[in-house]
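The block underneath contains the structure these notes are about, expressed in C-alpha cells.
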Amino acid sequence: MSRGSDPHPFLIHDSGIEARNRIIMFATEEGLRHLAESDTWYVDGTFTSAPSLFEHLYIIRAPLGESALSCDYAFLPAWQPQEIYKEMLTAVHDKREELRFYIDVTTAITDFEQAALNAISNKLGPYVNVKARFYHLTQSTWRKIQTLGLSNRYKEDDDIKHFCGMLDGLAFLPVDRVSDGMDYIKDNTPDGLEDLVDYFDAT
80 MSRGSDPHPF
90 LIHDSGIEAR
100 NRIIMFATEE
110 GLRHLAESDT
120 WYVDGTFTSA
130 PSLFEHLYII
140 RAPLGESALS
150 CDYAFLPAWQ
160 PQEIYKEMLT
170 AVHDKREELR
180 FYIDVTTAIT
190 DFEQAALNAI
200 SNKLGPYVNV
210 KARFYHLTQS
220 TWRKIQTLGL
230 SNRYKEDDDI
240 KHFCGMLDGL
250 AFLPVDRVSD
260 GMDYIKDNTP
270 DGLEDLVDYF
280 DAT
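If you use the numbering used here, the sequence shown corresponds to residues 80 to 282, in order.
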C-alpha cells in the first residue's frame, strides 16, 4: 500500500481478516530508520483515534529535536493480551531486520498497562530500561475506580480521595521502601476498597 508522488509501501503487517484479533500496522522506511537510530522509544496508545473496526491505536515514537516523530502506527483489537503487543513488536522487528536497521534503543517509555510492559521487556530484552509514565499510572487507577463503581465515593469522600492518592504516591518512594508502603496501605484500606488495592498490588 502506498500513496503520493513518490510512493513507497507503508503497510508492514496485517494479520488478516480471518485472525481472531486482527492487527494492521503502518510505517515508512524513514520512520523505521529513525526509530532504529533512537535510544529512546515512546510507546503509547489511544482509544479516541482508532477507526471503527478497531478499538485501539498504538503509536511508537522517537525523539526528534524538542518533539517526537511518530514512526509506527498499529491498529489493535479491543482485547489486548500480552500476545497482541508481542505480535506488534515482532512485526516492527521483522521489518527492521528486512531493511537491515539495527536498534540502539536503551529506554522505552510506555503507558501503565502490564501486558504492554511485559511484552516490551520481553521483546526488547533485558538491557532496555522500560518505564511507565506517572500520568498513565494515575489514569489506570482512575479507570479501575470507575470499573469498581467507586467514582461517587471518590468524589464525595475526601478520605477516599486521599487514600487513592496514597496508592499513586507509592511511585515516589525509594524502590526498597515500596513494599513497606504497600503493607501500610493494606493495613489502612477503607472498607470497600480491597479490590482496588489488590488490583494495584498485582499491577
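A virtual CB, placed ideally from N, CA and C, is assigned to each residue, including glycine.
Quick check: what's the CA-CA separation for residue i versus residue j?
i, j, result
"His-92", "Gln-193", "24 Å"
"Tyr-278", "Pro-88", "43 Å"
"Tyr-137", "Cys-150", "11 Å"
"Leu-155", "Leu-90", "14 Å"
"Ser-219", "Glu-97", "32 Å"
"Ala-195", "Glu-145", "26 Å"
"Thr-107", "Thr-169", "16 Å"
"Leu-229", "Glu-176", "47 Å"
"Tyr-233", "Ala-187", "32 Å"
"Asp-255", "Asn-100", "40 Å"
"Asp-280", "Gln-161", "19 Å"
"Leu-216", "Glu-109", "32 Å"
So, with DSSP's three-state summary, where would you put residue i?
i, result
"Ser-146", "strand"
"Asn-201", "helix"
"Leu-272", "coil"
"Phe-213", "helix"
"Asp-118", "coil"
"Arg-99", "coil"
Strictly by DSSP, which residues pair up with residue i?
i, result
"His-92", "Met-104"
Check each candidate in the options and name the one with the smallest Cα separation from residue i.
i, options, result
"Gly-260", "Leu-272, Asp-270, Asp-247, Gly-271", "Asp-247"
"Gly-244", "Tyr-214, Ser-258, Thr-226, Arg-256", "Tyr-214"
"His-241", "Pro-269, Pro-253, Ser-258, Leu-216", "Pro-269"
"Ser-119", "His-135, Phe-191, Lys-210", "Inspection of the sequence shows that residue 119 is occupied by Thr rather than by Ser. Comparing Cα-Cα distances from Thr-119 to each of His-135, Phe-191, Lys-210, the minimum goes to Lys-210."
"Ile-103", "Thr-186, Arg-212, Leu-252, Glu-166", "Glu-166"
Could you pull the start and end residues of the beta strand (DSSP E) that residue i belongs to?
i, result
"Ala-187", "186 to 189"
May I ask which residues mark the beginning and end of the alpha helix (DSSP H) holding residue i?
i, result
"Gly-244", "237 to 248"
"Tyr-263", "257 to 266"
"Val-171", "161 to 177"
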